[in-house]
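Colleague:
2 protein chains.
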Amino acid sequence: MDWTFRADAPIYTQLYEQLTLSIVAGAYAPGERLPAVRELAVDAGVNPNTVQRALSELERDGLVFSQRTAGRFVTEDAGRIEQERREIARTRAGEFLAAMERLGYDREAALALLEEMKGEET
Amino acid sequence: MDWTFRADAPIYTQLYEQLTLSIVAGAYAPGERLPAVRELAVDAGVNPNTVQRALSELERDGLVFSQRTAGRFVTEDAGRIEQERREIARTRAGEFLAAMERLGYDREAALALLEEMKGEET
DNA sequence: ATTATTGTACTAATCACTTAATACACTAAT
DNA sequence: ATTAGTGTATTAAGTGATTAGTACAATAAT
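Chain order of the listed sequences is D and P. If you read the first sequence in this note's numbering, its first letter stands for residue 1011, the second for the next number, and so on. If you read the second sequence in this note's numbering, its first letter stands for residue 1011, the second for the next number, and so on.
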């Protein structure tokens, strides 16, 4: 993992987002053990507590669970992971549509814009 | 204007965004005079400097200009306003596609999701 | 039993950013 | 000339959250 952080948002937030994406996109398999808090911390060059905080949120989301002395693991519930993936996608889509609406683009127009951008780089 | 602020972002940012939207969506016409800094400040219940800061950014974007003793005005360049509207829309669209891609949705799938959401509220 | 490795809790300090207070500058109108 | 209404600059203080330091707890392996 590259672990490069922007300055415009807390590190723990960025860790949280990147870890979520890693799990949801399948980079960590269901049931797989995650690196230890201290290990991740060294790897990312941050304080263990910062990692801890990010991981707590993943736990709150039900994407990981921890066994006090063995370590942290990705949930074995593949359905939960897929559900999370869908939820994030729907949220993003909703936010996008809302933003476009405020700009005076109705849904047709928003879709048209996306169609028109198909060939381009992001 | 309702001027209600969230707690998760600076006030000046939110002012900036809302004012931008107001201009771009045509709530303020090209050439129209904006309320004075102090007036907006009272209206929104914030410090004049906070308003000043938001307005400075609008100026940087070329959406407003100020005449030192007369007040601030929306640019008369309607093309500039439309351009800004388009830019914001394209940026949002690009961000959306990028986010969806990280989630494993290619463009087809992203569009399909939006189609599927057409009937819903945001 | 001891050690090493894990997650967790608590406290404190740093640190940057936002916001506020205040004073200044300029112009038009009276 | 004076006043009132603009935008602007500068400085200071608050404030809140992030991050770090350090110590604790629990279990598995040796």
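Here a beta-carbon is modelled for each residue, glycine too, at the ideal position from N, C-alpha and C.
#1: Please report the straight-line C-alpha distance between Glu1036(D) and Arg1016(P), rounded to a whole angstrom.
#2: Mind listing the chain P neighbours of Met1127(D)? Cutoff is C-beta to C-beta under 8 Å, in chain order.
#3: Does any residue of chain P have a CB that is nearer than 8 Å to the CB of Ala1035(D)?
#4: Could I get the ranges of all uninterrupted beta strand (DSSP E) runs contained in the stretch 1068-1119 of chain D, with 3 residues as the minimum, in chain order?
#5: Name the two residues that bound the continuous alpha helix (DSSP H) containing Asp1018(D).
#6: Contact between the stretch 1016-1025 of chain P and the stretch 1050-1064 of chain P is defined here as three or more beta-carbon pairs at a separation below 8 Å; is this criterion met?
#7: Taking Ala1051(D) as the reference, which of Ala1039(D), Gly1041(D), Leu1065(D) has the closest Cα?
#8: Would you grab the beta carbon distance between Arg1043(D) and Gly1081(D) for me? Rounded to a whole angstrom, and I think it's under 8 Å.
#9: How long is the line joining the alpha carbons of Glu1105(P) and Ala1099(P), rounded to whole angstroms?
#10: Name the DSSP beta bridge partners of Arg1043(P), please?
#11: Going along the stretch 1111-1126 of chain P in order, which residues come within less than 8 Å of chain D, judged by CB to CB distance?
#12: Can you find a CB in chain D that lies within less than 8 Å of the CB of Arg1090(P)?
#13: As a quick exercise: from Glu1126(D), Ile1033(D), Thr1101(D), pick the residue whose alpha carbon is nearest that of Leu1124(P).
Modeller: The structure says:
#1: Here residue 1036(D) is Gly; the residue named in the question, Glu, does not match the sequence. Cα-Cα distance, rounded: 34 Å.
#2: Correct list: Arg1100, Ala1103, Gly1104, Leu1107.
#3: Yes, Ala1035(D) counts as interfacial toward chain P.
#4: Correct list: 1074-1077, 1081-1084.
#5: No alpha helix (DSSP H) holds Asp1018(D); DSSP gives it neither H nor E.
#6: Contact between the stretch 1016-1025 of chain P and the stretch 1050-1064 of chain P is present, because at least three Cβ pairs lie under 8 Å.
#7: Comparing alpha-carbon positions, the option among Ala1039(D), Gly1041(D), Leu1065(D) lying closest to Ala1051(D) turns out to be Leu1065(D).
#8: About 5 Å; that satisfies the 8 Å criterion.
#9: Taking the straight line from one Cα to the other gives about 10 Å.
#10: DSSP output for Arg1043(P) lists Phe1083(P) as bridge partner(s).
#11: Taking 8 Å as the Cβ-Cβ cut-off, the stretch 1111-1126 of chain P approaches chain D at Glu1111, Arg1112, Leu1113, Gly1114, Tyr1115, Arg1117, Ala1120, Leu1121, Leu1123, Leu1124, Glu1125, given in chain order.
#12: Answer no: the Cβ-Cβ gap between Arg1090(P) and chain D never drops below 8 Å.
#13: Of Glu1126(D), Ile1033(D), Thr1101(D), the residue nearest in Cα terms is Thr1101(D).
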